[in-house]
Every structure is written in structure tokens, then in C-alpha cells.
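K.L.:
Position 15 (the sequence shown) corresponds to 15 in our numbering; numbering is contiguous.
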Amino acid sequence: MSVQTLGPPRIVVARESTYRIVVQNSGRTAAEQVTLSVKLPPWARVTGSDASRGHVGEVEAGPDEQLLTWEVGKLDAASQEHLILGIVPRESRPIDLEVTWRCNPAASQAKIEVQEPRIKMRLDGPREVLFGKPERYRLTITNTGTAAAEDLELTIVPLGHGDGVPVTQKLGTLDAGAERVIEMEMTGHQTGALRVRVELRGEPTVEARLDQEVVVVRPQLELDVVGPGLRYIGTEASWRIRVANTGTAPAQKLRLAAQLPRGAELLSSTEPAEVDREGHRVVWTIPSLAIGAEAQFQVACRLQQPGANRLTVTSVAASEVTARAEALTQVEALADLAIEVRDPSGPVPVGQEVAYEIELENRGSKEASDVKVFAYFSYGIEPTAAHGAAHRISPGQVVFETIPAVGAGEKIVLTIRARADEPGTHVFRAEVQSATLGAPLVEQETTHFYGEASASASKPENESEPTPASPGSGPLRTAGRNNHPTRASAPSTKGRIEAP
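1) Leaving out five residues before and five after Asp336 in sequence, what residues of the same chain have Cβ atoms less than 7 Å from its Cβ?
2) What do you get for Leu6, buried or exposed, if any count of 16 or more other CB atoms within 10 angstroms of its CB means buried?
3) Can you name, in chain order, every residue of its own chain whose Cβ lies under 6 Å from the Cβ of Gly188, other than the five neighbours on each side?
4) Please classify Val12: is it buried, with 16 or more other beta-carbons within 10 angstroms of its beta-carbon, or exposed?
5) Report the residue ranges of all beta strand (DSSP E) runs contained in full by the segment 7-82; include only those spanning at least 3 residues, in chain order.
6) Between Arg93 and Pro250, what straight-line distance do the alpha-carbon atoms span, to the nearest angstrom?
7) Compare the C-alpha of Glu357 against each of His387, Val206, Gly86, Leu437 and name the closest.
8) Which residues share a DSSP beta bridge with Phe374?
9) With respect to the beta strand (DSSP E) encompassing Met121, which residues constitute its N-terminal and C-terminal limits?
10) Please identify the residue among Glu185, Pro261, Glu274, Asp151 whose C-alpha is closest to the C-alpha of Lys170.
11) Along the chain, which unbroken stretches of the alpha helix (DSSP H) at least 4 residues long are found entirely within the segment 143-201?
12) Just confirm the distance between the C-beta atoms of Ile516 and His426, as a whole number of angstroms; I'd bet it's less than 8 Å.
13) Can you grab the Cα-Cα spacing for the pair Arg127 / Ala323, in whole Å?
14) Determine the extent of the beta strand (DSSP E) in which Ile358 is found, giving its start and end residues.
15) Is the separation between the beta-carbon of Ala368 and that of Thr436 shorter than 8 Å?
16) What would DSSP say about Gln259, mapped onto helix, strand or coil?
17) For the beta strand (DSSP E) containing Ser268, name the first residue and the last one.
18) Which full runs of the beta strand (DSSP E) of 3+ residues lie inside the segment 216-256, going along the chain?
19) Is it the case that the Cβ atoms of Ile119 and Leu200 are separated by a distance below 8 Å?
20) Can you list, in chain order, the residues of its chain with a C-beta nearer than 6 Å to that of Val167? Leave out the 5 residues immediately preceding and following it.
21) Quick check: the Cα distance between Gln24 and Leu85, rounded to an integer number of angstroms?
22) Is Ser319 closer than 8 Å to Leu254 when the C-beta atoms are compared?
23) Is it buried or exposed, Pro117, if we count other Cβ atoms within 10 angstroms and call 16 or more buried?
24) Check each candidate in Glu271, Cys301, Val313, Glu203 and name the one with the smallest Cα separation from Ala257.
25) Kindly list the residues whose CB is nearer than 6 Å to the CB of Leu328, restricted to its own chain and excluding five residues on each side of it in sequence; keep chain order.
26) I need the DSSP call for Cys301, collapsed to helix, strand or coil.
27) With 16 as the cutoff for other CB atoms within 10 Å, does Thr446 come out buried or exposed?
28) Mind checking which residues open and close the beta strand (DSSP E) that includes Ile412?
29) Run through the DSSP bridge pairs and tell me what Leu334 is partnered with.
30) Using the Cα positions of Glu98 and Leu174, report the straight-line distance between them to the nearest angstrom.
31) Rounded to whole angstroms, what is the Cα-Cα separation between Pro347 and Ala418?
32) I'd like to check one pair, Leu360 with Ile412: are the Cβ atoms closer than 8 Å?
33) Straight-line CA distance for Thr100 to Val38?
34) Are Pro41 and Glu65 close, meaning C-beta to C-beta below 8 Å?
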């Protein structure tokens, strides 16, 4: 009698392997009641049995071994029978498959080597990356086990807080001791400490995982614009611009652009700067702004448009970093009326008609509304005619009809003709009132008039020499004339007073 165990000398954990146990009677007589016992360790599972003759019993499990009995029965001379077993190892440990039989105390043993794949992974690449910048990584997969890893599938979850889209790739078989390198590119789209997860699965029961931290840094721009809240048309306004990097990486290739208010005239800006052809846009370039650093700039212009004037500043750096800020300045228009009185050159003979001109100019940026002009003469001179606007003449004064509006930059000239009937220095005063003025405008001039006298005329003995008229001796006749209001005091006189 002889027993042989036939099958693979190496098997893989959790994979079924088939073994054939052959019992042979090489003698010349039949063997009766042949029984074979097969011993296996506890970590080997019998998945099935198929005998060519006889009966195979159930596996009897003990604390240290398992026993399978095959009752062959009669085994004729020069004949053989076989038993096919399916065995699956549960652990990576050698299996001693021991077979004994009763009619022959000799035993047959077969030592089986159990193999298992072991996978190791390593990810090489930068541990700190710039937001939005692609970086290359190198994933090395090594099988340090004793069996091939089959049907491998690689899953990579890229940079992110768990919401990255997994990327899956089939790798096939990796033999024992073999190595495979995979090149990949990843881009950080979230700042902070993120994790890269790599998982590898295969047959039989191959599983490996890698979890690595990568810090994503990014510059962050903070932009402030400070300027005046109120200005008037034609005045100067200045703004201070501050840009700071509050992020975790330097800001590279920073461009700061200030868009001036509509119609504004650029006066000055921090140098060096680029100014467009129209002078409406000022650009500064900063090669690099370190973490926590800041830069300040100034720009000044003359405001020409009424209403809300907006200065808009934008900053753009590499890595798609932007910021925007603006400052609003309210620009008001103002009516600024001024008058000038042009009187005739003196001295002037009594009885000769002379002309007085009142020039009214709006030097402001807003029209003056409801403008009223009054002209007053002192005693001894009377107005005879007026031109330039509808008017009404009464003794000692001319009242012009209300002028609805005097536009910005507009000039109006009013002419009044008058004749003196008494010699002396006579006063002419113009007064302007308007709803846009806080107080009336008053301008006053004096003109000397003299009478015709014969050089040979005799003088009565009891008559003294005449006293020349003193400047301003003729009082203004304003009280009681058509109830027009007048100022209690007159402004300083710009004109000449000439003695006769």
C-alpha cells in the first residue's frame, strides 16, 4: 500500500486550491477495509471532497487540528483510488497535510507553502502648494509580498475637504517584488491643510491605503480707499489707497488700478505710475507683496461733474487673487454772482448825459435764479434811460425786472443813462439780490459834476467863497421810493472822486 498527495506546493491566502490524494495497492492481494485519515491545521478550510470509491465523512474539528476520514473499503491488488480535496488557507502559514491509513502504518506528508501579496504605497511631491497652481506628484506602489496582486484598482481622492471627485484607474497584476510608478498632477482649490487619499484594492483580499496632508497657501488682498465726502465743482480732491496682503502666501505681480470719477482732471499721483491717454485711469505695479505687508498710494484730481463722483480701485495678482474698493464723493454746484460797476470818467459837466454800466457775472458752476437788480442815485442826478433788461424808472432809481436765471459762466451787462442837474460829487450804487445768495451784493461808485461859470463874473461883496462839494455829499434817495428795501450801510467805494 502507498499514498501520494498531489497538488500545488504554494497557494494563496483565501484562494481555493485542489489536492489529489491517491492510495495504491501495488501488492498481489486485495486490501480489505482500507481507511484513510487526513489531518489539517485549523487555519485550512476544506471546501469540498470527491472520492473515486467509498465514503468521505464530515470534517471533525479539534482545538489543534482537523480530521477528515475516507473509508475506501476494498482495494484490489494492482489498483488505486483517489480523493480530491478543495482547500482554502485562512492565514499565511504553512499547511501540513498528513494522510494515514489503517492497513499500513506508514504515513505520507506534504508541506504546502502559503503565499500572500503585500502592498506598500508612497506619495512624493510638495507638502505646501500655492492655490490654483498645478503640482506634480509621484505615487510608487510596491508588492513586498510573496504572491502576485491581481485585478488591482487604484482610487485617488484629490486635494479637498472630502468633496473631491475620486479618480479610479485599473492597474491589472503586480507580481511579487514588482514596483509601479504613477505620475499625477493635482491643484489646490481650497486653502488650509487638506488631505490626499489613495486606496488600492485587488484579489485576493488585497487592500492598501495612503492618507497624506498637503497645505494649500494663497495670498489675500485687502483694499481700502479713503477720500473726501464733499467737494464743490472745480475744487481738488485727494484719495489715499492702501492694499495689504492678509493671506498665507506672497502676492506676486500685483497690479493696482484707480479709475477716476467721470470728467475728473488728474492732478497728481504716486510715482511711478502708468496713466492712460485720456488721464482717467492710473495703474501701479508691485512685483511682490509679502505676507502681512502693505503699500500705500495717493491720487489727486479736480472734480468737474456735480453729483456722486466715484473713485473705483481694483487689484489683481497672480493665482486669480482680486480685490475691489471704492470711495464716493458728493460734488455740489454753487452759484457765485459778482457785480462790477463802470462809471463815466469825470469830471463831467452838469447837464451832460452819462452812462453807467452794471456787469453781472455768475462765476459759479450752478445757475443763479430769481436775480433782482436795483440802481440808486444820490440827489442832484436823475436816470433818463436804461438798456439790457426790462425795467422801471422812477426818481433817483431804476428797478430791473426779475431775471429768471443767470447760467454758470454767463455775463449780463445793464446800461443806465443819467443826467446831473446840480454840481457836486454824486453817488451811484448797484444792488443785486437772489434766492441763491446769502446776502445782497452792493457796488458803489462816485462821479464829480461841475457847473459852467464866467471867469469875469463879479461876486457880491457879502457872499463868501463857495465851498467845494465834498466826496459823497449827495445823499442817496432810496427811502420812500416805491418801498424798495435798501441796505443801512454801503460797501467800500472803488471809483474815483474828483474835486471840481
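Glycine is no exception: its CB is placed at the ideal position from the N, C-alpha and C atoms.
P.N.:
Per the coordinate set shown:
1) Asn362, Arg363, Gly364
2) exposed
3) Val129, Phe131, Leu159, Val216
4) buried
5) 10-12, 17-25, 31-40, 44-51, 66-75
6) 57 Å
7) His387
8) Val399, Glu431.
9) 119-124
10) Asp151
11) none
12) Not covered by the structure: residue 516. The range shown for the chain is 1 to 500.
13) 28 Å
14) The continuous beta strand (DSSP E) containing Ile358 extends over residues 353-362.
15) yes
16) strand
17) 265-269 is the extent of the beta strand (DSSP E) around Ser268.
18) 221-226, 230-232, 236-245
19) It is a contact, given that the beta carbons lie within the stated cut-off.
20) Ile156
21) 17 Å
22) no
23) buried
24) Nearest of Glu271, Cys301, Val313, Glu203 to Ala257, Cα basis: Val313.
25) Ala308, Arg310
26) strand
27) buried
28) 411-420
29) Listed as beta-bridge partners of Leu334 by DSSP are no residues whatsoever.
30) 33 Å
31) 14 Å
32) yes
33) 7 Å
34) Yes, Cβ-Cβ distance for Pro41 and Glu65 is below 8 Å.
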